[in-house]
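In what follows, a structure is listed as structure tokens, so that the remarks can point back to it.
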Amino acid sequence: MMGGEVWAQVAPVSQPTSTETPAAEPLRLGASEWTVAAVTGWGVPVFGYGVRNSFSFPAVSWSRVLTGSRGRSWWRGQFEWGVELVPFFAQYNPRSAYGLGVSPLVWRWNLEPGRRLSPFAELGGGVLWTNVDVPSNTTRANYTAHVTLAARLLGDKRRGAIVGYRFEHISNGNRVDPNPSVNAHAIVVGWSLFRM
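The numbering of the sequence shown is the working numbering, which starts it at 17 and goes up by one.
Printed below as a string of structure tokens:
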């Protein structure tokens, strides 16, 4: 006590802790992502099925980050939902074909990004329309499904290059008997732009 005053050390008030940490830029909750990519694939047989078709197409997609960071350990990340448009599909083996497609169901899991690297896994499904049946002996309207493993190479908080692997499946969904399908390995190269 000095001159009638009491001096006391006040401990700082601790803030309540949360199990959720904010996502690193640019993958925070509510962010939108525009992506333009080039995809080129070559067909391979899977379990003895599949046609060796070769194709290329550009893909334009829009998506939104729907969650903050979730999970633990190496798989911690954010969930993103999007739509992908294929404005021009071009098959060049075993015969020429062209068409367009849309995938309204694109689900992406973004792993926690590092300083310059942002890996993700993606699952998508949609429809492809072509001028001839792809693959042969099926229909000109087919279902598509894909799985992608890729990474963004971040240039800054708003843009980055994308490089990855994509497994593509094209099939009539058993609407026609027999049900031939295209199963293909593909390379994806693209560019992303984020809007906060």
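All C-beta atoms in this analysis are idealised placements derived from N, C-alpha and C, irrespective of residue type, glycine included.
query	result
Would you call glycine 98 buried or exposed, if buried means 16 or more other Cβ atoms sit within 10 Å of its Cβ?	buried
Just how far apart, CA to CA, sit threonine 37 and serine 85?	Because the pLDDT of threonine 37 is 42, which lies under 50, any placement of that residue in the model is unreliable, and the number read from its coordinates should be weighed accordingly. Straight-line Cα distance between these residues: approximately 6 Å.
What is the residue span of the beta strand (DSSP E) that valine 205 lies within?	197 to 211
Taking 9 Å as the cut-off, decide whether the C-beta atoms of histidine 185 and asparagine 195 are in contact.	no
DSSP on serine 187, reduced to helix/strand/coil?	strand
Quick check on the burial criterion: 16 or more other C-beta atoms within 10 angstroms. Buried or exposed for proline 42?	buried
Applying the criterion that 16 or more other CB atoms from any shown protein chain within 10 Å of the CB defines a buried residue, is leucine 170 buried or exposed?	buried
Since valine 204 contacts valine 55 with CB under 8 Å, what's their CB separation in whole angstroms?	5 Å
I'd like the list of long-range same chain contacts for glycine 180, defined as Cβ closer than 7 Å, with 5 residues on each side in sequence excluded.	Thr164, Leu165, Ala166, Ala167, Val204
Below 9 Å between beta carbons: does that hold for valine 102 and serine 89?	no
Can you find the residues in the same chain that come closer than 7 Å, C-beta to C-beta, to alanine 106, ignoring five residues on each side of it along the sequence?	Phe71, Ser72, Phe73, Tyr114
What are the residues that DSSP puts in a beta bridge with glycine 84?	In DSSP, glycine 84 forms no bridge with anything.
Compare the C-alpha of threonine 146 against each of Ala137, Ala157, Glu138 and name the closest.	Ala157
To which residues of the same chain is serine 79 closer than 8 Å at the C-beta, ignoring the five residues directly before and after it?	Ser48, Glu49, Thr51, Glu96, Trp97, Gly98, Val99, Val122, Arg124
By the three-class DSSP mapping on this structure, what secondary structure does proline 194 have?	coil
Anyone know if the C-beta pair for valine 148 and asparagine 69 falls short of 9 Å?	no
Which term fits proline 110, buried or exposed, when burial requires 16 or more other beta carbons within 10 angstroms of its beta carbon?	exposed
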